[in-house]
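Residue numbers (the numbering used here): 1420 to 1560.
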(Lines of atoms letter the chains of each structure in order from A and count residues from 1; the text may use other names and numbers.)
(Lines give C-alpha, C1' and ligand atoms only; values in the text may rest on other atoms or scores of the structure.)
Protein backbone atom coordinates (compact mmCIF):
# COMPACT_ATOMS: atom_id res chain seq x y z
CA UNK A 1 0.00 0.00 0.00
CA UNK A 2 1.31 3.45 -0.88
CA UNK A 3 0.53 6.56 1.15
CA UNK A 4 1.17 9.85 -0.55
CA UNK A 5 1.35 13.06 1.46
CA UNK A 6 1.54 15.37 -1.53
CA UNK A 7 -1.55 16.84 -3.14
CA UNK A 8 -1.49 16.77 -6.89
CA UNK A 9 -3.32 19.64 -8.65
CA UNK A 10 -6.24 17.38 -9.61
CA UNK A 11 -6.44 15.51 -6.28
CA UNK A 12 -8.94 16.26 -3.58
CA UNK A 13 -7.63 13.77 -1.01
CA UNK A 14 -4.35 13.58 0.83
CA UNK A 15 -3.95 9.79 0.63
CA UNK A 16 -4.25 7.58 -2.43
CA UNK A 17 -6.04 4.72 -0.63
CA UNK A 18 -9.72 5.08 0.28
CA UNK A 19 -10.50 6.30 3.77
CA UNK A 20 -12.11 3.91 6.26
CA UNK A 21 -14.34 6.31 8.15
CA UNK A 22 -15.00 9.99 8.77
CA UNK A 23 -14.87 11.84 12.07
CA UNK A 24 -15.01 15.22 13.72
CA UNK A 25 -11.76 15.98 15.56
CA UNK A 26 -11.06 18.77 18.04
CA UNK A 27 -7.39 19.61 18.62
CA UNK A 28 -6.72 20.39 22.28
CA UNK A 29 -5.54 23.83 23.35
CA UNK A 30 -2.11 23.97 24.93
CA UNK A 31 -3.67 24.67 28.36
CA UNK A 32 -5.66 21.40 28.01
CA UNK A 33 -2.44 19.44 27.50
CA UNK A 34 -2.38 19.84 23.73
CA UNK A 35 0.50 20.71 21.45
CA UNK A 36 2.66 23.75 22.04
CA UNK A 37 3.19 24.18 18.28
CA UNK A 38 0.66 24.06 15.45
CA UNK A 39 -0.49 20.87 13.77
CA UNK A 40 -0.83 20.65 9.98
CA UNK A 41 -2.84 18.40 7.71
CA UNK A 42 -0.87 15.24 7.03
CA UNK A 43 0.05 14.84 10.69
CA UNK A 44 0.56 11.20 11.62
CA UNK A 45 -1.19 10.96 14.95
CA UNK A 46 -1.90 7.65 16.58
CA UNK A 47 -5.42 6.59 17.51
CA UNK A 48 -6.80 5.22 20.79
CA UNK A 49 -10.33 4.14 21.58
CA UNK A 50 -12.04 6.02 24.41
CA UNK A 51 -12.04 3.80 27.47
CA UNK A 52 -9.01 1.74 26.44
CA UNK A 53 -5.96 1.61 28.66
CA UNK A 54 -3.26 2.28 26.08
CA UNK A 55 -0.65 0.59 28.28
CA UNK A 56 -2.61 -2.65 27.72
CA UNK A 57 -4.20 -2.22 24.28
CA UNK A 58 -1.68 0.07 22.62
CA UNK A 59 -2.38 2.79 20.09
CA UNK A 60 -3.03 2.39 16.39
CA UNK A 61 -1.84 4.01 13.18
CA UNK A 62 -5.03 5.64 11.91
CA UNK A 63 -4.24 8.93 10.23
CA UNK A 64 -6.54 11.90 9.61
CA UNK A 65 -6.96 13.83 6.39
CA UNK A 66 -8.76 17.04 7.35
CA UNK A 67 -11.07 18.39 4.66
CA UNK A 68 -13.15 21.47 3.83
CA UNK A 69 -16.87 21.89 3.15
CA UNK A 70 -16.33 20.79 -0.47
CA UNK A 71 -14.55 17.57 0.54
CA UNK A 72 -11.11 18.81 -0.52
CA UNK A 73 -8.15 18.10 1.73
CA UNK A 74 -6.98 21.10 3.70
CA UNK A 75 -3.53 22.40 2.72
CA UNK A 76 -0.52 20.76 4.35
CA UNK A 77 1.27 24.10 4.78
CA UNK A 78 -1.33 25.98 6.86
CA UNK A 79 -1.86 25.41 10.60
CA UNK A 80 -5.01 23.58 11.66
CA UNK A 81 -7.31 25.53 13.98
CA UNK A 82 -7.26 24.57 17.66
CA UNK A 83 -10.37 23.99 19.81
CA UNK A 84 -12.68 23.70 16.80
CA UNK A 85 -14.32 20.54 15.44
CA UNK A 86 -12.77 19.69 12.08
CA UNK A 87 -14.03 17.00 9.69
CA UNK A 88 -11.47 14.36 8.78
CA UNK A 89 -11.26 11.25 6.63
CA UNK A 90 -9.55 8.55 8.67
CA UNK A 91 -7.26 5.94 7.10
CA UNK A 92 -6.17 2.78 8.90
CA UNK A 93 -2.55 2.33 7.87
CA UNK A 94 -2.08 -1.38 8.62
CA UNK A 95 -4.35 -3.45 6.35
CA UNK A 96 -4.27 -6.50 8.63
CA UNK A 97 -5.54 -4.41 11.56
CA UNK A 98 -8.62 -3.22 9.63
CA UNK A 99 -10.38 -6.60 9.82
CA UNK A 100 -8.63 -8.04 12.87
CA UNK A 101 -9.43 -5.15 15.25
CA UNK A 102 -11.05 -2.06 13.80
CA UNK A 103 -13.88 -3.40 11.61
CA UNK A 104 -15.51 -4.80 14.75
CA UNK A 105 -14.94 -1.77 16.97
CA UNK A 106 -15.43 1.32 14.84
CA UNK A 107 -19.05 2.45 14.64
CA UNK A 108 -20.80 5.76 14.10
CA UNK A 109 -20.74 7.73 17.37
CA UNK A 110 -17.57 6.05 18.69
CA UNK A 111 -15.33 8.43 20.64
CA UNK A 112 -11.54 8.31 20.36
CA UNK A 113 -8.35 10.22 21.07
CA UNK A 114 -5.43 11.25 18.88
CA UNK A 115 -2.00 10.75 20.43
CA UNK A 116 1.58 11.82 19.96
CA UNK A 117 3.35 9.05 21.79
CA UNK A 118 1.39 8.59 25.01
CA UNK A 119 0.15 12.19 25.05
CA UNK A 120 -3.45 12.96 24.06
CA UNK A 121 -3.51 15.95 21.72
CA UNK A 122 -7.02 15.73 20.22
CA UNK A 123 -10.37 14.04 20.64
CA UNK A 124 -12.81 12.84 18.05
CA UNK A 125 -16.03 11.09 17.22
CA UNK A 126 -16.82 8.85 14.26
CA UNK A 127 -19.50 10.42 12.04
CA UNK A 128 -19.62 8.03 9.07
CA UNK A 129 -18.30 4.61 8.03
CA UNK A 130 -16.94 4.75 4.48
CA UNK A 131 -14.70 1.91 3.15
CA UNK A 132 -13.92 0.16 6.45
CA UNK A 133 -15.75 -3.05 5.55
CA UNK A 134 -14.53 -3.28 1.94
CA UNK A 135 -11.41 -5.17 0.94
CA UNK A 136 -8.74 -2.76 -0.27
CA UNK A 137 -7.93 -5.29 -3.00
CA UNK A 138 -11.39 -4.68 -4.46
CA UNK A 139 -11.52 -0.89 -4.05
CA UNK A 140 -10.57 1.32 -6.98
CA UNK A 141 -7.83 3.72 -5.86
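Even for Gly, the Cβ is constructed at its ideal location relative to N, Cα and C. Since we're looking at a predicted model, the values are computed, not measured.
Quiz item: What's the call for residue 1487, buried or exposed, on a 16-neighbour Cβ count within 10 Å?
Solution: Under this definition residue 1487 is an exposed residue.
Practice problem: For residue 1509, count neighbouring C-beta atoms within 10 Å of its own C-beta (all shown protein chains included) and say buried if the count is 16 or more, exposed if not. | Solution: By the neighbour-count rule (16 or more Cβ atoms within 10 Å), residue 1509 is buried.
Quiz item: If you pair each beta-carbon of the region 1474-1489 with each one of the region 1452-1466, do three or more pairs fall below 8 Å?
Solution: These segments touch.
Self-check item: Test item: CB-CB of residue 1440 and residue 1539 under 9 Å
Solution: Between residue 1440 and residue 1539, the gap from beta carbon to beta carbon reaches 9 Å or more.
Practice problem: Identify, in the order they occur along the chain, each residue of the same chain with its Cβ nearer than 6 Å to the Cβ of residue 1468, setting aside the five sequence neighbours on each side. | Solution: Excluding residues up to 5 positions away in sequence, 1531 lie with their Cβ nearer than 6 Å to the Cβ of residue 1468 in the same chain.
Quiz item: Quick one, which of 1526, 1443, 1534, 1500 has its alpha-carbon nearest residue 1452's?
Solution: Of the candidates 1526, 1443, 1534, 1500, the one whose C-alpha sits nearest the C-alpha of residue 1452 is 1534.
Practice problem: Measure how close the beta-carbons of residue 1433 and residue 1505 come, nearest whole angstrom, since I'm counting them as under 8 Å. | Solution: 13 Å between Cβ atoms; not a contact.
Self-check item: Beta-carbon proximity list for residue 1498, same chain, < 8 Å, skipping 5 on both sides
Solution: Counting only Cβ-Cβ distances below 8 Å, and skipping sequence neighbours, we find 1457, 1458, 1459.
Quiz item: What residues in its chain sit with their C-beta under 7 Å from that of residue 1449, if we drop five residues either side in the sequence?
Solution: Only 1455 meet the Cβ criterion.
Quiz item: Taking the C-alpha atoms as reference points, what is the distance between residue 1549 and residue 1474?
Solution: Spanning the two alpha carbons is a distance of roughly 29 Å.
Quiz item: If residue 1520 sits next to residue 1551, beta carbons under 8 Å apart, how far is it from one beta carbon to the other, in whole angstroms?
Solution: Not quite, the Cβ-Cβ distance comes to about 11 Å (not below 8 Å), so this is no contact.
Exercise. Could you check which residue in 1547, 1554, 1537 has the C-alpha nearest to that of residue 1472?
Key: If we check each option's Cα against that of residue 1472, 1537 comes out closest.
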